[in-house]
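In the numbering used here, the protein residues as written are 920 to 1336.
Below: one structure, written as structure tokens.
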Amino acid sequence: MNTPHVVIVGAGLGGLNVARHLAKAPVQITLINRENYHLFQPLLYQVAIAGLLPSQIAYPLRTIFRRQKNITFQMGEVTGIDFNARYVKLNGSVIAYDYLVIAVGAETNFFGMEAVERNGFQVKDIQSAILTRNHLLKLFEQASHEVEVEKRRAMLTFVVAGGGPTGVETAGALAELVTRVMAKDFPLLEMEEARIILLESNDHLITAYPHELRHATFELLQHKNVDIRLNSSLADFNGRGVTLSDGSEIATHTLIWTAGVRAAPMLDLLGFEQAGGGRVRVQPTLQLPQHPEVFVLGDAAYLTNGNGQPLPMLSTVAIQQGKVTAQNIQRMISGQAPRPFHYKDPGLLATIGRNAAVARIWGISFRGFIAWVIWVFLHLYRLIGFRNRILVFINWAWDYIFYENQIRLITREQGEK
Ligand SMILES: Cc1cc2nc3c(=O)[nH]c(=O)nc-3n(C[C@H](O)[C@H](O)[C@H](O)COP(=O)(O)OP(=O)(O)OC[C@H]3O[C@@H](n4cnc5c(N)ncnc54)[C@H](O)[C@@H]3O)c2cc1C
């Protein structure tokens, strides 16, 4: 009767890790998520470029927690929270809590550019990744029977906006899709007409990475014939052309926007102090200042590290914060004070394609094949589900040996752009 009730909103990397680390704790957990699965977002771009199936990077939550006796799952979207009465609003009903964990993640930030949001593509969830995949594959089909050179060139010009890790990975993977896979499927198409353009408003790529890795990334992408345009900001995209802020235009049917994220919109409704990108300011213990029984973590939380810099919106931050949150809840239950969160930086990684990645681990920088192998095994390790690990490994091995992206299916989707 007196078992404390922990409600976790969001079953991404943060929420999932709270639930797992509370498996043996004397609590009853309700885990709430909009979808019935956990999604491993770092591999989403591979769904968009026809490299992996959604089911290989997502896993049903009820299956993950089948053996954990102290948890129940509810699918749905939390639409409000009463912090004084201590309940969340879900599916037209309410769920009371003793401890609340808010781990609702982030969404794409288009910075108010409505046309870009309407006409552009993003890689944020399964639906958007499949829409992108369908669009890319369809353009090759259309280009294959287009007789006018200029129209064909526009169809085969792919613009990626944002030179962060996701943009870099997407551009590199797209370049390989064109040159290694589609060139074989469409022998009559002149693949020299295809262009991958990567736009970055800064004067360098992957800002958070050390200089030598930025430089290596630049070189690896150039080697794959990606047209990298630094100091280039996007102003508009109407579905047929990109306009840059200097007024120049690029004829293209494809803009993949990876240049911004903001915390989930639900956080705007809560009335707490938010920092840049809508993230909620939390105490070092990840608690809300006014409500110590409420924890916010992962992409939704704003916390600075020792240097005064905000912690990045990264899976490693969410995973570590999940563990600390679970420990702090247990400490509070046993009458102890919660402990502050200290981020242990495990290093940085980004892949640019086959045999090509950059990594910084234990203070050492790697590039090329070694970094790529580290990337492959780390991502396999982080995937949920043994079956998914095996399937993804087989997929990658097949692609590696035969230069194939196997998921080249154009499917009909609701809400297709
Ligand atoms: C394309 C892409 C590539 C990335 N690549 C990397 C990478 O290479 N390395 C890296 O470290 N990080 C990467 N990241 C970032 C990483 O995925 C995030 O930092 C991490 O997932 C954050 O975890 P989280 O638990 O805070 O949020 P999320 O994992 O986003 O989970 C939030 C969950 O909350 C649910 N939710 C949201 N609102 C509600 C609501 N109102 N009610 C119920 N449920 C709700 C969502 O459906 C979701 O399941 C990438 C992200 C993306 C999108």
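Cβ atoms here follow ideal geometry from the backbone N, Cα and C, with glycine treated the same way.
- Each of Asp1017, Gln1046, Asn1003 and Asp1001 was checked against the Cα of Leu972, and the nearest Cα belongs to Gln1046.
- Nearest neighbour of Gln1209 by Cα position, chosen from Arg1005, Gln987 and Gly933, turns out to be Arg1005.
- Boundaries of the alpha helix (DSSP H) around Phe1321: Phe1305 to Phe1321.
- DSSP places Gln987 outside both helix and strand once states are collapsed to three, so it counts as coil.
- In terms of CA proximity to Ile1303, Thr982 leads the group Arg1286, Thr982, Gln1206 and Gly1024.
- The beta strand (DSSP E) runs of length 3 or more contained entirely in the stretch 988-1069 are, from start to end of the chain, 990-994, 997-1001, 1006-1009, 1012-1015, 1018-1021 and 1025-1027.
- DSSP places Thr1162 in the uninterrupted beta strand (DSSP E) bounded by Gly1160 to Leu1163.
- For the pair of segments examined, the stretch 1053-1062 was found not to touch the stretch 1145-1154: the number of CB pairs separated by less than 8 Å stays below three.
- When the five nearest sequence neighbours on each side are left out, the beta carbons in the same chain lying within less than 7 Å of the beta carbon of Ala1269 are those of Pro1084, Val1087, Glu1088, Ile1125, Thr1136, Ala1276 and Val1277, in order along the chain.
- Within the chosen limit of 7 Å, ligand 1 does not reach the beta carbon of Pro1229 with any heavy atom.
- Asn952 has its CB nearer than 7 Å to a heavy atom of ligand 1.
- The C-alpha of Val946 is placed about 19 Å away from the C-alpha of Val1215.
- In the assembly as shown, Ala1127 is an exposed residue. Its beta-carbon has fewer than 16 other beta-carbons within 10 Å.
- Judged by the Cβ position, Ala1090 fails to qualify as a neighbour of ligand 1 at the 7 Å threshold, every heavy atom of the ligand being at least this far.
- Counted as a single uninterrupted DSSP element, the beta strand (DSSP E) harbouring Gln947 occupies residues Gln947 to Asn952.
- A direct Cα-to-Cα measurement between Arg1099 and Tyr1322 gives close to 6 Å.
- DSSP places Trp1281 outside any alpha helix (DSSP H), giving it a letter other than H or E.
- Going by C-alpha positions, Phe1105 is about 7 Å away from Ser1063.
- Of the candidates Ile1252, Ala1178 and Gln1239, Ala1178 places its Cα closest to the Cα of Gly1031.
- DSSP, read as helix, strand or coil, puts Thr1235 in helix.
- Taking 7 Å as the cut-off, one finds at least one heavy atom of ligand 1 near enough to the beta carbon of Lys1043.
- Collapsing the DSSP output to three states places Pro961 in a helix.
- When rounded, the separation of the alpha-carbon atoms in Glu1111 and Asn989 is 58 Å.
- When the beta-carbon positions are compared, Phe1040 and Thr1027 stay at least 8 Å from each other.
- Taken through DSSP and simplified to helix, strand or coil, Pro1229 comes out as strand.
- In the displayed model, Asp1104 falls within a helix according to three-state DSSP.
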